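Report on one structure; see the data block that follows.
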Amino acid sequence: MNTLTAILLINFGCVIGGVGAIFLKKASGEISLDIMKVIKNYHLMLGMIMYALASIIFIPTLKYVDLSIAYPFVATTHIWVCVFSKFFLKEEVQLQKWIGVVAIIIGVSLIGIGAMP
Amino acid sequence: MDKSRLAIIIVLISTVLVSIAQLMYKFGMPKLDFGLLSQGDYLGFLLNSIILNFYLLTGFALYGISVIMLLYSLRHGKLSTLYPLYALNFVWVNLLSMIFLNETVTLTEWAGSAFIVLGVSLVGSADKVRK
C-alpha cells in the first residue's frame, strides 16, 4: 500500500466516524438505563459500530505510513461532523466552526504536501 | 485546587495518553499475523494478533481512559479553554513519532499540524457549555 492509498483510506474512515457521531447524537436523546432498550437502540449500536469501524480502518494503515503523517488526517473527522450536523441534524453551524474547517483543510493539505516524496 | 484548574491538568494528561495510544497502535501493527487471516483462521487471528497483542490492548486501554478523562474535565471546565488544549495531541504525536519512531517531521508538516490544532480548537470550542 502506498502513502496516497493509506491517506485515502484514513479519510474514508473519518467520513464513517463522522456519520457515527451523528448516530450517537441521535442516540443520546434516547438513552435509558433499561439494558434491553440500550441494545435495541439502533442509533446507538450503529454509532458505536461506525466508531469502531473508523478505528479498524485507521490502525492497519499505520503499517504503511509514518504515524506523523497518518494521525493528522484523523482531524478531518471534525469536517464531516460539521457538514453532517448541518445537513442531517439541521443544526446551526457557527461561522467559527467553518473557519476551523478551513484551517483543518489547509493543515491536512500541508501534511499531504509534506508527505509527498 | 479549584475545579477549572484541575480540569485543565486532566485534559492535558488525557492528550498525552491519547498520543501514547497512537504510538502503541504503531508498535502493535507489525505483530499482526495476516498469514492466519489468509489461512481462514479468523479466530486465531483475533486471538493471537489482536486480543493478545500487548501494544494494541494498551493502546485501546489508554484511549478509553483518555476519553473518560476528557469527558470528566469537560464537566468541570469551559469548552473554549479545554478543547484547544485537547487539540495539542496533534503536537504530542509528532514529538513522539520523532523520538520513538525516528520519523522526520518537516517544517511543512509542522505548519500543517499548527493549522490542524487551530482548526480543531475553533471547531471544538464554538459551542457554549450548557450550565
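Heads up: the protein sequence lines correspond to chains A and B, in order. If you use the numbering used here, the first sequence corresponds to residues 70 to 186, in order. If you use the numbering used here, the second sequence corresponds to residues 526 to 656, in order. Quick reminder that beta carbons are idealized off the backbone N, C-alpha and C, glycines included. Note that this is a predicted model, so its numbers are computed, not measured.
Straight through space, the alpha carbons of residue 571 of chain B and residue 578 of chain B are spaced by roughly 10 Å. Only buried fits residue 78 of chain A, as 16 or more other CB atoms lie within 10 angstroms of its CB.
Using beta-carbon distances, residue 616 of chain B does not count as an interface residue toward chain A, since no partner is under 7 Å.
For residue 558 of chain B and residue 573 of chain B, the gap between their C-alpha atoms comes out near 8 Å. When secondary structure is reduced to three states using DSSP, residue 542 of chain B falls in the helix class.
The Cβ-Cβ distance between residue 140 of chain A and residue 70 of chain A does not fall below 7 Å. CA-to-CA, the gap between residue 590 of chain B and residue 123 of chain A works out to about 19 Å. Taking a contact to require three or more Cβ pairs closer than 8 Å, the stretch 602-611 of chain B and the stretch 528-536 of chain B qualify as touching.
By the 16-neighbour rule on beta-carbons within 10 angstroms, residue 539 of chain B is buried.
About 6 Å separates the beta carbon of residue 597 of chain B from that of residue 535 of chain B, a gap short enough to meet the 8 Å contact definition.
DSSP places residue 165 of chain A inside the alpha helix (DSSP H), whose first and last residues are 164-184. In this structure, DSSP gives residue 100 of chain A a state outside helix and strand, which the three-state scheme calls coil.
DSSP, reduced to helix, strand and coil, places residue 636 of chain B within a helical segment of the structure shown.
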